[in-house]
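Trainee: If you're matching positions, the sequence shown starts at 189 in my numbering and goes up one per residue. For reference, the structure I am asking about is given below.
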Amino acid sequence: MINLSDILNANILVVDDQEANVRLLEQMLSSAGYVSITSTMDPRKVCDLYLKNRYDLILLDLQMPGMDGFQVMEGLKAIETDSYVPVLVITAQPGHKLRALEAGAKDFISKPFDLVEVKTRIHNMLEVRLLYKKLETYNNSLEQTVLERTKELLQKDQMLILQDRLVVMGEMINNIAHQWRQPLNTLGLVVQLVPTYYGSAEFSREFLEENTEKAMELIQHMSQTIDDFRDFFKAGKEKVAFSVNQAIARSLSFIEQSFTDHKIGIAHHPEGDPLINGYPNEYAQVLLNILMNARDALDENIVDDALITIHSFAEGDRSVVTITDNAGGIADEIIDRLFDPYFTTKGPDKGTGIGLFMSKTIIEKNMGGRLSVRNTGRGAEFRIEV
Ligand SMILES: Nc1ncnc2c1ncn2[C@@H]1O[C@H](COP(=O)(O)OP(=O)(O)O)[C@@H](O)[C@H]1O
Ligand SMILES: [Mg+2]
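Written as structure tokens, this is what we have:
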């Protein structure tokens with residue numbers, strides 16, 4: 189609340205062309221306990237004074253020569269754009285009241301002055317004014333707090349995206365190592381052939397060219413793997429149209445090898461080729477998260493014919509991808525918490541619990557789609573709609 193001493197310390201400006209009136213008002217104010225009173229008999233100075241001092245209250249006479257109270261209010265309105273100007277109009281003519289209100293006056297005191305009326309109106313108006321000021325500062329600091337909190341949250345989101353990317357990246361580095369082992373071995377053999385055959389009858393220009401070509405093909409393939417990998421880690425800034433089936437094929441190429449090693453089959457059944465307008469790399473990140481989870485589930489619940497089935501099709505103007513496994517599904521007690529940040533049933537060295545949370549953020553917040561899960565009876569089915 190506003191206490192009395194704040195009110196009595198408020199800055200007040202008295203504007204009246206007649207010295208007697210100015211003195212009378214000053215006297216009334218100081219006898220009521222007000223301590224910060226300024227006065228002027230020149231209406232043309234009011235705007236400058238207000239700009240410098242931002243008074244809490246202006247007692248303004250309406251009828252003055254040269255520039256009347258209405259003109260003064262016009263000027264004040266032009267300089268005070270953020271807030272209102274606390275003008276209390278002094279008038280002898282009741283007919284002026286409406287016009288003064290329209291010009292921006294907040295209240296009136298009538299001439300001849302009535303001591304009680306003047307004191308009460310000034311007190312009330314200052315109380316409102318100070319409350320308003322307090323509210324303004326409060327609002328500003330509230331806005332500041334909200335801004336800061338939002339920034340913190342955004343940064344946290346950003347960190348989670350990175351953390352999830354690191355998990356996926358670690359997975360992919362493993363796969364690159366995997367994908368390179370075979371061509372590297374072959375490349376080694378090809379290179380060793382050259383000195384072995386040198387000098388023998390089979391060593392010819394054709395032999396040399398054939399082997400060089402083979403080596404170049406292998407190098408080309410390995411270089412392509414690295415390019416794909418690097419492209420994946422460029423975060424998309426602008427939405428682009430991309431093919432769902434291509435996104436799936438690309439994601440599968442990153443991880444196929446490790447799934448084969450785990451004896452997990454993957455079957456993709458495309459129907460048509462729906463397009464998405466969005467972020468292809470982020471979309472692939474979602475696919476990889478879901479596929480990696482299915483692999484983990486299949487590793488944990490060993491089944492004979494471990495299989496992940498992917499369907500892609502269009503439904504109205506939406507693209508739908510479902511990824512189904514046969515690892516037994518998700519317990520009812522936890523299925524509602526699956527997309528919560530940090531929710532994981534895996535050991536601390538295996539799970540972070542952010543994969544599905546991030547995936548939901550990417551699909552729903554960034555691309556306006558829907559990501560959901562259900563049990564099929566044999567396993568879990570994730571459905572991505574964009
Ligand atoms: N296909 C699935 N089958 C069974 N449980 C799953 C499957 N996919 C996800 N989950 C469950 O959801 C949890 C959260 O997944 P996720 O957010 O990717 O975190 P993380 O993989 O690090 O644990 C997993 O710990 C697992 O319990
Ligand atoms: Mg995961």
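From the three backbone atoms N, C-alpha and C, an ideal C-beta is built for every residue, glycine too.
With 16 other CB atoms within 10 Å as the buried threshold, where does Q473 fall?
Mentor: As a working mapping, residue 473 is identified with position 285 in the sequence shown. So Q473 ends up on the buried side.
Trainee: Less than 6 Å between the CB of I523 and some heavy atom of ligand 1, yes or no?
Mentor: As a working mapping, residue 523 is identified with position 335 in the sequence shown. No, ligand 1 has no heavy atom inside 6 Å of this Cβ.
Trainee: From G292 to G466, what distance separates their C-alpha atoms?
Mentor: On the sequence shown, residue 292 is found 104 positions in, with the first residue counted as 1. On the sequence shown, residue 466 is found 278 positions in, with the first residue counted as 1. The alpha-carbon atoms of G292 and G466 are separated by roughly 52 Å.
Trainee: Excluding the five sequence neighbours on either side, which residues of its own chain have a C-beta within less than 7 Å of the C-beta of N563, listed in chain order?
Mentor: Within the sequence shown, residue 563 is the residue found at index 375, counting from 1. Excluding sequence neighbours, N563 sits near G517 and I518.
Trainee: According to DSSP, is F391 part of a helix, a strand, or is it coil?
Mentor: For this step, residue 391 is matched to residue 203 along the sequence shown. Three-state result, F391: coil.
Trainee: State yes or no: is the C-beta of G567 nearer than 6 Å to some heavy atom of ligand 2?
Mentor: Looking up residue 567 in the sequence shown gives position 379. No, Cβ of G567 sits at least 6 Å from all heavy atoms of ligand 2.
Trainee: Within 8 Å, do at least three Cβ pairs link the region 254-261 to the region 220-227?
Mentor: The region 220-227, when compared against the region 254-261, does not touch it at the 8 Å Cβ threshold.
Trainee: Considering only their Cβ atoms, is the gap separating D204 from D244 smaller than 7 Å?
Mentor: As a working note, residue 244 is residue 56 in the sequence shown. As a working note, residue 204 is residue 16 in the sequence shown. Going by C-beta atoms, D244 is not nearer than 7 Å to D204.
Trainee: Considering only residues of the same chain and omitting the five flanking positions on each side of E214, which have a CB-CB separation below 8 Å?
Mentor: What you label residue 214 is simply residue 26 of the sequence shown in a count that begins at 1. Hits under 8 Å: V202, I225 and S227.
Trainee: In chain order, what residues of the same chain have a beta carbon less than 7 Å from the beta carbon of H374, not counting five sequence neighbours either side?
Mentor: In the sequence shown, counting from the first residue as 1, residue 374 sits at position 186. Correcting the residue type first, residue 374 is Thr in the shown sequence and not His. Only L406 meet the Cβ criterion.
Trainee: Put P274 into one of helix, strand or coil per three-state DSSP.
Mentor: Walking along the sequence shown from the start, residue 274 turns up at place 86. Here P274 sits in coil by DSSP.
Trainee: Identify which residue in V334, G539, L440 and G567 has its Cα closest to the Cα of N489.
Mentor: Here the question's residue 489 lines up with position 301 in the sequence shown. Selected option, being the one with the closest Cα: G567.
Trainee: Per DSSP, E503 is paired with what?
Mentor: In the sequence shown, residue 503 corresponds to position 315, counting from 1. E503 pairs with R506.
Trainee: How is V491 classed by DSSP in three states: helix, strand or coil?
Mentor: Along the sequence shown, read from residue 1 onward, the residue named residue 491 stands at position 303. Here V491 sits in coil by DSSP.
Trainee: Ignoring anything shorter than 3 residues or poking outside the region 207-250, list the beta strand (DSSP E) runs there in chain order.
Mentor: Qualifying beta strand (DSSP E) stretches, in chain order: 224-228 and 245-249.
Trainee: Do L543 and ligand 2 come close, with the Cβ less than 6 Å from some heavy atom?
Mentor: As a first step, residue 543 must be located in the sequence shown, where it is residue number 355. It should be pointed out that residue 543 corresponds to Gly in this sequence rather than to Leu. G543 Cβ: within cutoff of ligand 2.
Trainee: How close, in whole Å, do the beta carbons of L479 and I496 come, if the pair is a contact with beta carbons under 8 Å?
Mentor: The sequence position of residue 479 within the sequence shown is 291, counting from 1. The sequence position of residue 496 within the sequence shown is 308, counting from 1. Contact holds; Cβ gap of about 7 Å.
Trainee: Looking at ligand 1, does it come within less than 6 Å of T333, judged from the CB to the closest heavy atom?
Mentor: Along the sequence shown, one-based indexing puts residue 333 at 145. Incorrect: T333 has no Cβ contact closer than 6 Å to ligand 1.
Trainee: From Y385, S388 and V508, pick the residue whose C-alpha is nearest to that of A435; which is it?
Mentor: Along the sequence shown, read from residue 1 onward, the residue named residue 435 stands at position 247. Checking every option, the nearest Cα to that of A435 belongs to V508.
Trainee: Do you know whose CA, among M347, T448 and L247, lies nearest R483's CA?
Mentor: The residue given as residue 483 occupies position 295 in the sequence shown. Nearest option by C-alpha distance: T448.
Trainee: Can you find a heavy atom of ligand 1 that lies under 6 Å from the Cβ of G539?
Mentor: The count along the sequence shown starts at 1 and reaches residue 539 at position 351. Yes, the beta carbon of G539 sits closer than 6 Å to at least one heavy atom of ligand 1.
Trainee: Would you mind stating whether V378 and A403 have Cβ atoms separated by less than 7 Å?
Mentor: Start at 1 with the first residue of the sequence shown, and residue 378 comes out as number 190. Start at 1 with the first residue of the sequence shown, and residue 403 comes out as number 215. The answer is yes: Cβ separation under 7 Å.
Trainee: Along the alpha helix (DSSP H) that carries R337, what are the first and last residues, could you check?
Mentor: As a first step, residue 337 must be located in the sequence shown, where it is residue number 149. Counting along the chain, the alpha helix (DSSP H) containing R337 begins and ends at L303 to Y385.
Trainee: Looking at ligand 1, does it come within less than 6 Å of L526, judged from the CB to the closest heavy atom?
Mentor: As a first step, residue 526 is located in the sequence shown; it is residue number 338 there, counting from the start. Yes - ligand 1 has a heavy atom lying nearer than 6 Å to the Cβ of L526.
Trainee: Return helix, strand or coil for A198, following the three-state DSSP convention.
Mentor: By 1-based counting over the sequence shown, the position of residue 198 is 10. The answer is coil: DSSP assigns A198 none of H, G, I, E or B.
Trainee: Is T532 near ligand 1 - that is, is its Cβ less than 6 Å away from at least one heavy atom of it?
Mentor: Working through the sequence shown from its first residue, we reach residue 532 at position 344. Under cutoff, so the answer is yes.
Trainee: Could you compute how far the alpha carbon of V574 sits from the alpha carbon of N363?
Mentor: Working through the sequence shown from its first residue, we reach residue 574 at position 386. Working through the sequence shown from its first residue, we reach residue 363 at position 175. Rounded to whole angstroms, V574 to N363 spans 28 Å at the Cα level.
Trainee: Closer than 7 Å by C-beta to K183: which residues in its own chain qualify, once you throw out the five before and the five after it? Chain order, please.
Mentor: With the chain covering only 189 through 574, there is no way to say anything about residue 183.
Trainee: For F395, collect the residues of the same chain with a Cβ closer than 8 Å to its Cβ; drop the 5 residues on either side in sequence, then sort them by chain order.
Mentor: For the purposes of this step, residue 395 is taken as the residue at position 207 of the sequence shown. Here the set comprises Y385.
Trainee: Helix, strand or coil for R438 per DSSP?
Mentor: Numbered from its first residue, the sequence shown carries residue 438 at position 250. In the structure shown, R438 sits in a helix (DSSP, three-state: H, G or I).
Trainee: Runs of 4 residues minimum, wholly inside the region 511-544: which ones carry the alpha helix (DSSP H) assignment?
Mentor: DSSP runs (the alpha helix (DSSP H)) wholly in the region 511-544: 520-523.
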